[in-house]
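Q: In my numbering, the protein residues as written are 50 to 225. My structure is below; once you've seen it, I'll send some questions.
Given below as C-alpha cells:
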C-alpha cells in the first residue's frame with residue numbers, strides 16, 4: 050500500500066501559538082488531559098499575547114485550534130472566530146497536522162493554537178530549506194503561551210520547490 054505524500058503548507062504567514070499555562074491533571078483521579086484548564090497565570094499569558102497579536106496579525110488571518118480546553122481558552126483570548134480541528138489534539142503527529150492544514154490553504158494567513166511536541170516539530174520542519182525525511186525532524190522548544198510567526202520565503206528566489214519559511218517574530222508572554 051502506497052503512503053500519501055506529505056503536503057507542504059502554502060501560506061504567506063503561519064503563526065504558531067502554544068496554549069498558555071494549564072492546570073496539572075490528576076490522572077489517578079480520572080482527570081482527562083483534554084479537559085485541563087488554564088491557570089490564572091495562563092489566562093494572563095493568553096490575554097497579554099492576544100493583545101500583541103491583535104496589533105500585529107495580518108487582516109483575514111484564520112484561527113484554528115486544538116479542541117483541548119486549554120488551547121480553546123488560549124484562542125478565546127483573541128476574540129476571533131475559532132475553527133476547532135479535532136485532529137490537532139495533544140497526541141497528534143506532525144504528519145497528521147500537515148495533512149490537516151491542507152484544508153485551510155485558501156487562507157493566506159493562519160494562526161494555529163496547539164501543543165508540544167508537534168508545534169515545535171512543525172516550526173522545525175518549516176525552517177528546512179530542502180526536502181527532508183520527516184522522521185529526522187527534531188522538535189524545537191515552544192514555551193507555554195509563546196508565539197512563533199513564520200513567513201514564507203519568496204519561492205521565485207529559492208532554488209528549491211520546498212522554499213521554506215523564515216522567522217518574522219517570536220514572542221513570549223513574559224516579555225509583554
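All residues carry an ideal CB built from backbone N, CA and C; glycine is no exception. The structure presented is a predicted model; accordingly, all values stated were derived computationally and were not measured.
Looking at C-beta atoms only, is the number of pairs between the stretch 96-108 and the stretch 139-148 that lie closer than 8 angstroms three or more?
A: No: the two stretches stay apart, fewer than three of their Cβ pairs being nearer than 8 angstroms.
Q: Can you tell me whether residue 106 is helix, strand or coil according to DSSP?
A: Mapped onto the chain shown, residue 106 falls at position 57. Looking at residue 106 - three-state DSSP - the assignment turns out to be coil, as it is neither helix nor strand.
Q: Kindly list the residues whose CB is nearer than 6 angstroms to the CB of residue 58, restricted to its own chain and excluding five residues on each side of it in sequence; keep chain order.
A: By 1-based counting over the chain shown, the position of residue 58 is 9. In the same chain as residue 58, and ignoring 5 residues on each side of it, the C-beta atoms closer than 6 angstroms to its own belong to 150, in chain order.
Q: Secondary structure at residue 199, three-state DSSP: helix, strand or coil?
A: Reading the chain shown from its first residue, position 150 is the one you call residue 199. The answer is strand: DSSP assigns residue 199 an E or B state.
Q: Out of 60, 165 and 125, which one is the CA nearest neighbour of residue 67?
A: Counting from 1 along the chain shown, the entry for residue 67 is found at position 18. Ranking 60, 165 and 125 by Cα distance to residue 67 puts 165 first.
Q: Just the C-alpha distance for residue 119 and residue 108, rounded to the nearest angstrom, thanks.
A: The count along the chain shown starts at 1 and reaches residue 119 at position 70. The count along the chain shown starts at 1 and reaches residue 108 at position 59. Each residue's Cα considered, the two are about 25 angstroms apart.
Q: Short of 7 angstroms in beta carbon distance, which residues of its chain neighbour residue 130, apart from the five on each side in sequence? Order them along the chain.
A: Along the chain shown, read from residue 1 onward, the residue named residue 130 stands at position 81. If you ignore the 5 residues before and after residue 130, its C-beta comes within less than 7 angstroms of the C-beta of 112, all in its own chain and listed in chain order.
Q: With DSSP collapsed to three states, give me the class of residue 135.
A: Here the question's residue 135 lines up with position 86 in the chain shown. Reduced to three states, the DSSP call for residue 135 is helix.
Q: Quick one: measure Cβ to Cβ for residue 198 and residue 62, integer angstroms, because I've assumed they're closer than 8 angstroms.
A: Here residue 198 corresponds to residue number 149 of the chain shown, with the count starting at 1. Here residue 62 corresponds to residue number 13 of the chain shown, with the count starting at 1. Contact holds; Cβ gap of about 7 angstroms.
Q: Check for me: the alpha helix (DSSP H) holding residue 169 runs from which residue to which?
A: Counted from its first residue, the chain shown places residue 169 at position 120. First-last of the alpha helix (DSSP H) with residue 169: 167-176.
Q: Quick check: what's the CA-CA separation for residue 274 versus residue 114?
A: Beyond the ends of the chain as shown, which are 50 and 225, falls residue 274; an answer cannot be given.
Q: What does DSSP give as the partner residues of residue 87 in its beta bridges?
A: Residue numbering aside, residue 87 sits at position 38 when the chain shown is read from its first letter. Answer is 71, bridged to residue 87.
Q: If I measure Cβ to Cβ from residue 207 and keep anything under 6 angstroms in the same chain, skipping five residues before and after, which residues do I get?
A: Position 158 of the chain shown, counted from the start, is the residue given in the question as residue 207. Reliability of the predicted coordinates at residue 207 is poor, the pLDDT of 46 falling under 50, and the value obtained from them is presented with this limitation in mind. There are no such residues.
Q: State the start and end residues of the unbroken alpha helix (DSSP H) segment that holds residue 124.
A: The count along the chain shown starts at 1 and reaches residue 124 at position 75. Per DSSP, residue 124 belongs to the alpha helix (DSSP H) from 118-125.
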